[in-house]
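Taking it in order: structure first as structure tokens, then the write-up.
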Amino acid sequence: MPDQPIVQFDNVSVQFDSLVALRDCSFTMRAGETRVILGAAGAGKTVLLKTTLGLYRPSAGRLLVFGEDVTRLPEKEWYDIRSKMGVLFQEGGLFDSLTIEENVSYPLINQRVARLDPHRDAAVIEERVRESLRFVELEHTLGKFPSELSGGMRRRVGIARAVVTSPPLELYDSPTAGLDPITANNIVSLIVKERDSRNTATMMVTHRYQDGQLMANFRYNPGKGRLEKASENGSGAPPIRTVFMVLNDGRVVFEGSQAELESSQDSYLKKFVRQE
Amino acid sequence: MLASKVWESGALLDFLKTPIQSLQDFVILGGRTFANLFRRPHYADDIAIQMDIIGVGSLPIVLLTGFFSGAVMGLQMSRALSTYGATGQVGNIVSITLVRELGPVLTALLVAGRNASGMASELGSMKVTEQIDAMRALGTDPVQKLVKPRLIATCFVLPLLTIIADFVGMFGGWVIAATILQLASTQYWSSAWRALSYSDIAQGLLKPFAFAIIISLVGCFYGMRTTGGTQGVGRSTTQAVVVASVWIFVTTFFITRIFVSI
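Going line by line, the protein sequences match chains W and R. For what it's worth, our numbering labels the leading residue of the first sequence as 252, then goes sequentially. For what it's worth, our numbering labels the leading residue of the second sequence as 62, then goes sequentially.
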């Protein structure tokens, strides 16, 4: 349902021994929303994303995901929540001992929502894996291992794995880190395509402002099969709701629209905004 | 003055806290692994793969080491026993030493060097490349999927390797007894067989079982807590081998102490 909160941080802090990685973070992310999280290295972007995913526990505050209070949720019960999220890790997180086909089918076999039987449902699994790899234009890599692919291809496989179960929330951790500008744009285009094809909520951590711009201003046109500027898109689709959020030293120092971010005079925020 | 400054800075507290915290984390990992032992899924394929890696993979080195340790034991003992004119007791001493102590400890040290390091580096690499995070995110408990199969496989395979090492060691002793000491084979083997009591066999099998728990859990523990990229993987690997080896010696002391007092 649109406008329904799907991720809610209420004064959440995350601490590792003496290091406070997140301090009193509060924000609400709604269904269908795109949230671009910017910040310097070590600002807490990845910790925020992994806390949303339940990989780190809040040391203070309250965290609600899909309307459920998950602040003190035991690990076993997190698996159901996580199956509603797709994730692309910064390092890719592909299992290097498994083939691309096995990597992409992993959530279908192991996540509780899907939990398909690898023997009984082999045909269904193969079809969904192929469909997902076709989405990222890597259907020909089925039998290869991650080490045989380039960095950009591995990210695309990561996206295929994230979207194979069609979850309502997608989390991307620095999907363009370490990639050349052309490959980076291709990756963000795929993320936009996924978002607009299924109207998924998207949380993207990035250090590149251009990624956020692309997310905020472009839409995927399924008819033409390519991205278009949102203003030129005559499909009658609802406007993209993109929220920019900036972290500094574990705190949320900005939350607002692209225009608000670009008009800010704050010296820290200005570092992340590149006017074109 | 200096002591109070160190205390106030909290450095001393951190210094004392770190090993206790590590022990606590280790106990938690062990507890979770044992709690999951009979829970589904069991990942039989992974257990079989680990048995192959640990068991079949370690076999050549265990055979070589077992043979030569038995042979060396035979040579050394023959020298000592000849002083008393008792070289006929070589089989007796070789079998007792191997079954009670040398077989289990040497085999465990070899497997620790080969597999505790392997587990730490494999899981450590998975940790730093976020594969363990991905596993949790994609609906799999890493303890169930990674630690449990390694524990089960090591517990199954290490006692078998030890039995093989013991036998090959006795065979090495027999080669020395037959070729250098000119002892009759029947004399060697009957004294070797008669020397063993049920208690020797019990401790010879209990020890590898305890060592298997140490090797697998220590290897997995250091692997799963790896931080700091590839350098961290190297550090975890070294720590796993050192800690597993030290604990093997500590454990063998306590088990021997128990059996000596029975």
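Cβ coordinates follow ideal geometry from the N, Cα and C atoms, glycine included. As the structure is a computational prediction, the values presented were derived from the model and not from experiment.
(request) Would you mind reading off the limits of the beta strand (DSSP E) that contains T158 (chain R)? (result) That residue, T158 (chain R), is in no beta strand (DSSP E); its alpha helix (DSSP H) goes V151 to T158.
(request) Using a cut-off of 7 angstroms between C-beta atoms, extract the partners of L199 (chain R) located in chain W. (result) Y357, P358, N361 and Q362
(request) Put S482 (chain W) into one of helix, strand or coil per three-state DSSP. (result) helix
(request) Could you check the C-alpha separation between E421 (chain W) and I108 (chain R) for me, to the nearest Å? (result) 33 angstroms
(message) Need the endpoints of the beta strand (DSSP E) that N499 (chain W) sits in, please.
(response) T493 to N499
(message) Output needed for A245 (chain R): all residues of its chain with C-beta closer than 6 angstroms, excluding positions within five of it in sequence on either side, in chain order.
(response) none
(message) Which same chain residues end up closer than 6 angstroms to T223 (chain R) when comparing Cβ atoms and leaving out the 5 residues on each side of it in sequence?
(response) G164, P165, T168 and P269
(request) Could you check the C-alpha separation between K521 (chain W) and E513 (chain W) for me, to the nearest Å? (result) 7 angstroms
(request) Report the three-state DSSP secondary structure of N450 (chain W) (helix, strand or coil). (result) coil
(request) Spatial neighbours of S398 (chain W) within its chain, please: CB distance less than 8 angstroms, with the 5 preceding and 5 following residues excluded, ordered by chain position. (result) D347
(request) Reducing DSSP to helix, strand and coil, say where A294 (chain W) ends up. (result) coil
(message) Buried or exposed for L73 (chain R), going by 16 or more other Cβ atoms inside 10 Å?
(response) exposed
(message) Could you check if L498 (chain W) belongs to the surroundings of the ligand GDP, using beta carbon to heavy atom distance under 7 angstroms?
(response) Absent from the structure shown: the ligand GDP. Ligands present: none.
(message) How far does the alpha helix (DSSP H) with F95 (chain R) in it extend, from its first residue to its last?
(response) A72 to A96
(request) May I have a chain-ordered list of the alpha helix (DSSP H) segments no shorter than 4 residues that lie completely inside the region 338-414 of chain W? (result) 351-361, 373-386 and 402-414
(request) Please confirm if E353 (chain W) has its CB atom under 8 angstroms from at least one CB of chain R. (result) no
(request) Could you name the residues of chain R that S482 (chain W) contacts, counting a contact when the two beta carbons are closer than 9 angstroms? (result) Near S482 (chain W) there are no residues of chain R at all, since even the closest Cβ is about 36 angstroms away, more than 9 angstroms.
(message) Can you list, in chain order, the residues of its chain with a C-beta nearer than 7 angstroms to that of S310 (chain W)? Leave out the 5 residues immediately preceding and following it.
(response) S264, V265 and Q266
(message) Please return the same chain residues whose Cβ sits closer than 6 angstroms to the Cβ of F232 (chain R), not counting the five positions on each side in sequence.
(response) none
(request) Pull out every residue of the region 102-116 of chain R whose Cβ sits closer than 8 angstroms to any Cβ of chain W, in chain order. (result) none
(request) Taking all protein chains shown into account, decide if E319 (chain W) is buried (16 or more other Cβ within 10 angstroms of its Cβ) or exposed. (result) exposed
(message) Quick check: what's the CA-CA separation for F396 (chain W) versus L345 (chain W)?
(response) 9 angstroms
(request) State the start and end residues of the unbroken beta strand (DSSP E) segment that holds R175 (chain R). (result) It is not in any beta strand (DSSP E) - R175 (chain R) carries neither H nor E in the DSSP assignment.
(request) Tell me whether L315 (chain W) sits in a helix, a strand or coil according to DSSP, three-state version. (result) strand
(request) State buried or exposed for L77 (chain R), treating a residue as buried only when at least 16 other CB atoms are found within 10 Å of its CB. (result) exposed
(message) Do I360 (chain W) and I410 (chain W) count as a contact pair if the criterion is CB distance below 8 angstroms?
(response) no
(message) Quick check on this structure: which residue in W:P325, W:M455, W:D500 and W:I332 has the alpha carbon closest to the alpha carbon of Q362 (chain W)?
(response) W:I332
(message) Tell me the rounded alpha-carbon separation between S518 (chain W) and V88 (chain R).
(response) 48 angstroms
(request) Give the secondary structure of G146 (chain R) by DSSP, where H, G and I count as helix, E and B as strand, and everything else as coil. (result) coil
(message) When you compare the region 282-292 of chain R with the region 175-184 of chain R, are there three or more beta-carbon pairs, one atom per stretch, that lie closer than 8 angstroms?
(response) yes
(request) Please decide whether K301 (chain W) counts as near chain R, where near means a Cβ-Cβ distance under 8 angstroms. (result) yes
(message) Which residue marks the beginning of the alpha helix (DSSP H) containing G230 (chain R), and which one marks its end?
(response) K209 to T240
(request) Would you verify that the beta carbon of R385 (chain W) is, or is not, closer than 8 angstroms to some beta carbon of chain R? (result) no
(message) So with CB distances below 8 angstroms, who are the chain W contacts of E191 (chain R)?
(response) F340, Q341, E342, G343 and G344
(request) Could you tell me which residues DSSP pairs with M455 (chain W) in its beta bridges? (result) W:V287 and W:Y423
(message) Please return the same chain residues whose Cβ sits closer than 8 angstroms to the Cβ of N450 (chain W), not counting the five positions on each side in sequence.
(response) G283
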